[in-house]
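Heads up, the thing below is written out as structure tokens.
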Amino acid sequence: MRNETYHVAIDVGTTKVCTLVGRSDADGKLQVIGVGTVPSRGMKKGMVSNLSDVQQVIQSSLREAEAQAGIKIGSAYVGITGSHINYVNSRASLDNRRYNSPVGSSDMEQMSQACYADRTVPGDKVLHVIPRGYSVDGNWGIHDPTGMYASTVELESHVVIANQTSVDNLVEGLRRSGIKLRGLVLEPLASAEAVLSNDERDIGVVLVDMGGGTSDVSIFLEGNIWHTSVIPVGGFQLTRDISIAFTTFALAAEEAKLKYGHAIPGAVDPREDLRLPGFGNQTFSQISRQSLCEVIHERADELLRLILREVGNAGLDSVPPGGLVLTGGTSKLSGLEELASSIWPGPVRIGVPTASAWVPQDLEDPAFATALGLLYWDARHSRVGENGINGNGISKYSFLVKHWLNNLAHRVHT
């Protein structure tokens, strides 16, 4: 149909690969028309470990989504995470400007580039330069100085940096699958778009996207991103702990975790037993469900305390008032919300993608937060004409990311 635009998002995770196809009309209303979800292979802790396997699972996911949507996919926005992701908070300024010259896009770009010019080394890849605030002639609290008259303009930003090799391997897997990269987006930023409210961002909130290989932390204050980090612990580590503790196969450990797992051992019947297959001549072993949950509890408790530590790493004296929001597939672990509430000094909730007309009911699941956030990212950029993405997947004008974070009144899913 005329005046329709297609959008594609690909979440290449450690446990699954998900491709979403969306279609927006002339009014900007977005509808998901294609979904392709397959078990992942070739990824470890968010990074490529086997390029051939990654290519195959991406292609399988693409075929499913293409069949549902009835289109051929050629390009996409893609999420990225992994322990190779780092960040730096930086400032840059433009001094001695002419008062009769308003701040323009070239000034904004110059400050963005200056924020990371002396903060990166060979092998680094800048993913995002996200403004935390501007000052005009010493007055902070400016959201966007574009068009304003000033002698001095200063930018404080949050710079997200990845390892070039890790980025190149992911991009190569996409290229081999026939996909042209439209942009790379840090996964917790995408997930935030799907599960956080404007109010939570404004008062301050900690979001943790709990995937298979990593748990991605992002802290928001006053509507802006304040801190990001990647903890290399996810659902796969829980499964591995079970496999080692009870000498069983990873597949059986995963099934036991999903079916019988609980983050609080005291919440399950101590008399309940289950059987797990063993290696070699050991056919099956019988264990108590409570012992299974004790293994899960130990790792989950450790992870939640690592997350709490990130508040201090962000330079904050106390947790943000908006509390903790857990999303991602691992957040669905039974009892995790209750365990987090016993550790976290503030409100805790599970982040489920916001119910709306454009999100199908079967995608209203924490496991799809990243993919849905990526799809919205694509749709919003297309709607306002911000497709300035170069071949490396970096925004042509990196300050435009600010509008995604602060201009949320213009959501496409209305």
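Going by the numbering used here, the sequence shown opens with residue 13, and the numbers climb by one from there.
Quick reminder that beta carbons are idealized off the backbone N, C-alpha and C, glycines included.
Identify whether Glu121 lies in helix, strand or coil by the three-state DSSP scheme.
Helix at Glu121.
On the CB-based measure, 16 or more other CB atoms within 10 Å of its CB, does Phe296 come out buried or exposed?
Under this definition Phe296 is an exposed residue.
For a minimum of 3 consecutive residues, which ranges assigned as the beta strand (DSSP E) are wholly contained in the segment 341–393?
As far as the segment 341–393 is concerned, its whole beta strand (DSSP E) runs of at least 3 residues are 360–362.
Give the DSSP-derived three-state secondary structure of Ser178 in the structure shown.
Correct three-state label for Ser178: helix.
Just verifying my parser: in three-state terms, what is the DSSP assignment at Gly190?
Gly190 falls in the coil class under three-state DSSP.
Would you check if the distance between the CB atom of Ser102 and the CB atom of Val165 is smaller than 8 Å?
No, the pair does not count as a contact, with Cβ atoms beyond the cut-off.
Answer with buried or exposed for Leu338, where buried requires no fewer than 16 other C-beta atoms within 10 angstroms of its C-beta.
Counting Cβ neighbours within 10 Å, Leu338 comes out buried, since at least 16 surround it.
Assign Gly116 to one of three DSSP states: helix, strand, or coil.
Gly116: coil per DSSP, three-state reduction.
Using the C-alpha atoms, what's the distance from Ser64 back to Ile83?
Ile83 and Ser64: Cα-Cα distance of roughly 25 Å.
Leaving aside the five residues before and after Thr382 along the sequence, list all residues of the same chain whose C-beta is less than 6 Å from its C-beta, in chain order.
Cβ neighbours of Thr382 beyond the five flanking positions: Asp23, Gly91, Glu199, Ala202, Ser203.
Using DSSP bridges, identify the partner residues of Asn101.
Per DSSP, His170.
Return the chain-ordered list of same chain residues with a C-beta closer than 7 Å to the C-beta of Val148, the five sequence neighbours on each side being excluded.
Once the five neighbours on either side are set aside, the close Cβ partners of Val148 are Ile154, Pro157, Met160, Ala162, Val165.
Count Cβ pairs between the segment 223–234 and the segment 352–361 that sit closer than 8 Å; are there 3 or more?
Contact between the segment 223–234 and the segment 352–361 is absent, because fewer than three Cβ pairs lie under 8 Å.
Does the distance from the CB of Leu348 to the CB of Ala275 come in under 8 Å?
For Leu348 and Ala275, yes; Cβs fall inside 8 Å.
If you run the structure through DSSP and keep just helix, strand and coil, what is Ala264?
Helix at Ala264.
Which runs of the beta strand (DSSP E) at least 3 residues long sit entirely within the segment 295–350? Give them in chain order.
Counting only runs of 3 or more, we get 296–300, 336–339.
With DSSP as the reference, label Ala38 as helix, strand or coil.
Reduced to three states, the DSSP call for Ala38 is coil.
By the DSSP assignment, the beta strand (DSSP E) with Pro200 in it spans what residues?
Element bounds for Pro200: not the beta strand (DSSP E) but the alpha helix (DSSP H), 199–207.
Pull up the DSSP beta-bridge partners for Met59, would you.
DSSP, once it has assigned bridges, lists Lys56 as partnering Met59.
Going by alpha carbons, who is nearest to Thr27 out of Gly334, Thr251, Gly290?
The shortest Cα separation from Thr27 among Gly334, Thr251, Gly290 belongs to Thr251.
Assuming Thr226 and Ser95 form a contact by the criterion Cβ under 8 Å, report the distance between their Cβ atoms to the nearest whole angstrom.
Sure, about 7 Å apart at Cβ, within 8 Å.
Could you check whether Val371 and Pro378 sit closer than 8 Å to each other, using their CB atoms as the reference points?
Not closer than 8 Å, so no.
Confirm, please, whether the CB-CB distance from Ala326 to Trp389 is below 8 Å.
No. Outside cutoff.
Note the first and the last residue of the continuous beta strand (DSSP E) segment covering Ala162.
From DSSP, Ala162 is part of no beta strand (DSSP E); its letter is neither H nor E.
Identify whether Pro277 lies in helix, strand or coil by the three-state DSSP scheme.
In the structure shown, Pro277 sits in a helix (DSSP, three-state: H, G or I).
Buried or exposed, going by whether 16 or more other CB atoms sit within 10 Å of the CB of Arg213?
By the neighbour-count rule (16 or more Cβ atoms within 10 Å), Arg213 is buried.
When DSSP labels each residue in this structure, what does Ser255 get in the three-state scheme?
Helix.
Locate the alpha helix (DSSP H) running through Arg213, then write down its first and last residues.
That run of the alpha helix (DSSP H) goes 210–215.
Taking C-alpha atoms, which residue in Thr17, Lys56, Leu32, Leu106 lies nearest to Pro244?
For the residues Thr17, Lys56, Leu32, Leu106, the minimum Cα distance to Pro244 belongs to Lys56.
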